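For reference, the structure is listed below as structure tokens.
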Amino acid sequence: MAAATDALVRWQRALTCALLLAGCAPGGSIDPGDAKQVARGEAVYREHCASCHGARLEGQPDWRQRRPNGRLPAPPHDASGHTWHHPNELLINIVRQGMVPPWAPAGYDSDMPAFGGHLSDADILAVLAYIQSTWPPEVREQRARMLQQGRP
0 MAAATDALVR
10 WQRALTCALL
20 LAGCAPGGSI
30 DPGDAKQVAR
40 GEAVYREHCA
50 SCHGARLEGQ
60 PDWRQRRPNG
70 RLPAPPHDAS
80 GHTWHHPNEL
90 LINIVRQGMV
100 PPWAPAGYDS
110 DMPAFGGHLS
120 DADILAVLAY
130 IQSTWPPEVR
140 EQRARMLQQG
150 RP
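Taken in order, the sequence shown gives residues 0 to 151; the numbers are from numbering that gives the first Met the number 0.
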């Protein structure tokens, strides 16, 4: 168990360094209180994300269990999932580049494709604004505390 925890801590540190070095945040911001951005994000989500992550952001069944092919199902983006545990920069890069290192630990296998060639930065930010707008206030507050403490 300690070895797994150590590996996770090393991965989190490497990811933090990669985020800092990449300067990966696009111009613009994510504002779950901006009705226009949220509406745009909902439309983009429905077109590009809902087929895997669910119309209600519920994810695929048994999303924590590997399938026979070794891949993990799409996780939920509602409050029941772990999306809210991650900093925006990580989420942006996962959408842009797919679920691959350095945005995922080595050996993590999923069907999450890269959308950087299909969606603009403004679309990606809007999708994240839409997702975050669905989280209850207590989840947003807990997320803010976690991220402030540097705990993704």
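Idealized CB from N, CA, C, for every residue including glycine. What you are looking at is a predicted structure, and each value in this text was computed from that prediction instead of being measured.
Next item on the list: For Ser-109, name the three-state secondary structure that DSSP assigns.
Entry: strand
Note to self: If the criterion is Cβ atoms closer than 7 Å, does the pair Val-43 and Ser-132 meet it?
What the structure shows: no
Next item on the list: Confirm, please, whether the CB-CB distance from Asp-108 to Arg-70 is below 7 Å.
Entry: yes
Item checked: Which of helix, strand or coil DSSP assigns to Leu-118 -> coil
Margin query: Going by beta-carbon coordinates alone, are Gly-40 and Gly-58 separated by less than 7 Å?
Written below: no
Notebook entry, point to check: Are the beta-carbon atoms belonging to Arg-95 and Gly-115 less than 7 Å from one another?
Noted result: yes
Item checked: Alpha-carbon to alpha-carbon, Asn-68 and Ala-125 -> 32 Å
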